[in-house]
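Protein chains in written order, with the working numbering: chain A, 572 to 851; chain B, 16 to 315.
Backbone N, C-alpha and C define an ideal beta-carbon position, used for all residues, glycine too.
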């Protein structure tokens, strides 16, 4: 009985959420009806438009599928053989899951920064130059590496030790190095999957300031566990919930809107409870 | 002593008694157990290294005495001859291990790429892995018999046949060690590479292989060291020769067969040479190990 009621409630939530009307240009039009890992329904009814030049924050409790949604945006989920979904993800109107689309090319335009800083075990310079060399970059490599490191707010700290291993840096520096590596190839969109969860507060602050600078040039989608982080940096926020009514744990979009509205005047009870810290 | 002093002494004593005792208590039950067990592991470690060090010591003393330029370069002596050496056997061993390595290392590493990255859960991978594991326990003489049956019967004893039989023995070790090494490459590294727009080939070539390199080289060196010391498969394939290698299709000398032959002879000269050859064999393996450690270190 109560299960049915919950489903009905969440369906209305989903329809209301999809009512969110983006103000600016939409870079990625993501509409995931159902996402499965094998037989497990991981996410349903989540339509998340990513707006150009803004930071879109994804918040929600653990297991709500926010990372799954993020990783569908540049086909990182393709690496999991049992992944499949219904719906569409369109990048500037092109279906990125189209039959003729090469996921490798998609990822060059839609870059990613991961939860754990993951520099390659090579020098700082080579880490940043990696993507450029991959694409047979023909310009001045030194200049380009410097520019990427400057944009990632890391240049001043590493300019005298570019030959040192990327792994010799501190956690926060490593994460900024990964950001430099991701932006060196001039992607259009930057997906960030909880980029600060392994960092201390000072490093977090630096990365957040960096995000605000990055959105001048790039579109950013940010998964975060930290609601304060969403209020500090995100322009738009999507709140995901978990539906445990049907025996599984299925994530879905509860509500999406301007960050201020989500935190100060949420439409959904669930959102209000979550942002008030009543559950996590 | 005044009454006040007595009281304060009593108070102090009481305070002292109620304080927790922080000194080390070596005869307390737990501490004693810990001490005994620590001592035991030390003893066993020393005991375990006694055979190891005595072998090296004996080799150094007995083999070192006869180790000179002549031993390293001259041909093996006949029955009552003095002097002589085993230059041809050193060359033969290096050449045959080289042939074995050239055939088995690329095949082994490519197979490991498939097992670790491309199709780790496929049926083919399951079967290959099982076969490789079985083959690591394969008696080495069977590798010799196998090569004898497919090569030697048709083409005669040769360095090539010797190399192939060593390759058969090296292959499973290389496959399993390289697979393990590549599996140790953290997923976040491969994620990073895919995320930046690498193709699968680029991920393997630029991230998985370089990151797994130390482990892969360790496996390769283990296989090389094992092969260098093998004698049984070479008996059936390369046989022996008293002369320097003149072609890859000729019977070929090797250190291990020379040691086997000479150590059973009733001549002091040959027995001394067998010791010296053993020392050289150990040194060759040692050099390979050191090289592996040098090259296997992560570059940065």
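Check residue 589 (chain A) in the structure and name its three-state DSSP category. One-based indexing of the first chain puts residue 589 (chain A) at position 18. Annotation note: pLDDT 46 at residue 589 (chain A) (below 50); position unreliable, coordinate value reported separately. Note: residue 589 (chain A) maps to coil in three-state DSSP.
Would you mind working out which of B:271, B:61, B:286 sits nearest residue 278 (chain B), comparing C-alpha positions? Translated into the one-based positions of the second chain, residue 278 (chain B) becomes position 263. Comparing alpha carbon positions, the residue from B:271, B:61, B:286 closest to residue 278 (chain B) is B:286.
What residue range is occupied by the uninterrupted alpha helix (DSSP H) comprising residue 145 (chain B)? Residue numbering aside, residue 145 (chain B) sits at position 130 when the second chain is read from its first letter. For residue 145 (chain B), the enclosing alpha helix (DSSP H) stretches over residues 138-151.
Grouping DSSP H, G and I as helix and E and B as strand, with all else coil, what is residue 836 (chain A)? Counting from 1 along the first chain, the entry for residue 836 (chain A) is found at position 265. In the three-state reduction of the DSSP assignment, residue 836 (chain A) falls in the coil class.
Rounded to a whole number of angstroms, what is the C-alpha to C-alpha distance between residue 90 (chain B) and residue 252 (chain B)? One-based indexing of the second chain puts residue 90 (chain B) at position 75. One-based indexing of the second chain puts residue 252 (chain B) at position 237. Going by C-alpha positions, residue 90 (chain B) is about 21 Å away from residue 252 (chain B).
Which listed residue (B:185, B:199, B:239) has its alpha carbon closest to that of residue 229 (chain B): Within the second chain, the letter at position 214 stands for residue 229 (chain B). It is B:199.
Residues sharing a beta bridge with residue 681 (chain A), DSSP: In the first chain, residue 681 (chain A) corresponds to position 110, counting from 1. Checking the DSSP bridge columns, you'll see residue 681 (chain A) partnered with A:760.
For a test of the three-state rule: what should DSSP assign to residue 736 (chain A), helix, strand or coil? Residue mapping note: residue 736 (chain A) aligns to position 165 of the first chain, counting from 1. Reduced to three states, the DSSP call for residue 736 (chain A) is strand.
Can you tell me whether DSSP reads residue 94 (chain B) as helix, strand or coil? Residue mapping note: residue 94 (chain B) aligns to position 79 of the second chain, counting from 1. The answer is coil: DSSP assigns residue 94 (chain B) none of H, G, I, E or B.
Residue 201 (chain B), buried or exposed, once every other Cβ within 10 Å from all chains shown has been counted against 16: For the purposes of this step, residue 201 (chain B) is taken as the residue at position 186 of the second chain. By the neighbour-count rule (16 or more Cβ atoms within 10 Å), residue 201 (chain B) is not buried but exposed.
If I'm right that residue 684 (chain A) touches residue 751 (chain A) with Cβ under 8 Å, what's the distance once you round it to whole angstroms? By one-based count along the first chain, residue 684 (chain A) stands at place 113. By one-based count along the first chain, residue 751 (chain A) stands at place 180. Contact flag wrong, Cβ pair sits at about 10 Å.
Could you tell me how far apart the beta carbons of residue 226 (chain B) and residue 694 (chain A) are, in whole angstroms, since I believe they sit closer than 8 Å? Numbered from 1 along the second chain, position 211 holds the residue referred to as residue 226 (chain B). Numbered from 1 along the first chain, position 123 holds the residue referred to as residue 694 (chain A). The beta-carbon distance between residue 226 (chain B) and residue 694 (chain A), rounded to whole angstroms, is 14 Å. This is too long to meet the 8 Å contact definition.
Since residue 268 (chain B) contacts residue 104 (chain B) with CB under 8 Å, what's their CB separation in whole angstroms? If you number the second chain from 1, residue 268 (chain B) lands on position 253. If you number the second chain from 1, residue 104 (chain B) lands on position 89. Yes, they are in contact, since the Cβ atoms of residue 268 (chain B) and residue 104 (chain B) sit about 4 Å apart, within 8 Å.
According to DSSP, residue 659 (chain A) sits in a beta bridge with which residue or residues? Translated into the one-based positions of the first chain, residue 659 (chain A) becomes position 88. DSSP lists A:602 as partners of residue 659 (chain A).
Hey, how far is the Cα of residue 572 (chain A) from the Cα of residue 217 (chain B)? Within the first chain, numbered from 1, the residue matching residue 572 (chain A) stands at position 1. Within the second chain, numbered from 1, the residue matching residue 217 (chain B) stands at position 202. Note that residue 572 (chain A) has pLDDT 40, beneath the 50 cutoff, so the model's placement of it is unreliable and no number is given.
Per DSSP, residue 824 (chain A) is paired with what? Along the first chain, one-based indexing puts residue 824 (chain A) at 253. BP columns for residue 824 (chain A) point to A:811.
Enclosing alpha helix (DSSP H) for residue 122 (chain B) [first to last residue]: In the second chain, counting from the first residue as 1, residue 122 (chain B) sits at position 107. From DSSP, the alpha helix (DSSP H) with residue 122 (chain B) extends over 102-128.
Helix, strand or coil for residue 267 (chain B) per DSSP? Counting from one through the second chain, the residue named residue 267 (chain B) turns up at place 252. In the structure shown, residue 267 (chain B) sits in coil (DSSP, three-state: anything other than H, G, I, E or B).
Check whether the Cβ atoms of residue 793 (chain A) and residue 809 (chain A) sit closer than 8 Å, and answer yes or no. By one-based count along the first chain, residue 793 (chain A) stands at place 222. By one-based count along the first chain, residue 809 (chain A) stands at place 238. Result no, Cβ atoms of residue 793 (chain A) and residue 809 (chain A) do not sit closer than 8 Å.
By alpha-carbon positions, which one of B:294, B:143, B:126, B:250 ends up nearest to residue 180 (chain B)? Taking the first residue of the second chain as position 1, residue 180 (chain B) is located at position 165. With distances taken between Cα atoms, residue 180 (chain B) lies closest to B:250.
Rounded to the nearest angstrom, how far is the Cβ of residue 719 (chain A) from that of residue 755 (chain A), given a contact under 8 Å? Here residue 719 (chain A) is taken as the residue at index 148 of the first chain, counted from 1. Here residue 755 (chain A) is taken as the residue at index 184 of the first chain, counted from 1. Indeed, because the Cβ distance is near 4 Å, the residues count as touching under 8 Å.
Examine chain A for any beta-carbon lying closer than 8 Å to the beta-carbon of residue 310 (chain B), and answer yes or no. Counting from 1 along the second chain, the entry for residue 310 (chain B) is found at position 295. With 8 Å as the cut-off, residue 310 (chain B) does not count as an interface residue toward chain A.
Indicate the three-state DSSP secondary structure (helix, strand or coil) for residue 725 (chain A) in the structure shown. Translated into positions along the first chain, residue 725 (chain A) becomes position 154. In the structure shown, residue 725 (chain A) sits in coil (DSSP, three-state: anything other than H, G, I, E or B).
DSSP three-state label for residue 793 (chain A), please. Residue numbering aside, residue 793 (chain A) sits at position 222 when the first chain is read from its first letter. Strand.
Just by C-beta distance, which residues in the segment 214-235 of chain B are closer than 8 Å to chain A? Result list: 214, 217, 221, 222, 225, 226.
Nearest to residue 635 (chain A) by alpha carbon, out of A:783, A:613, A:674? Along the first chain, read from residue 1 onward, the residue named residue 635 (chain A) stands at position 64. That would be A:613, whose Cα lies nearest to the Cα of residue 635 (chain A).
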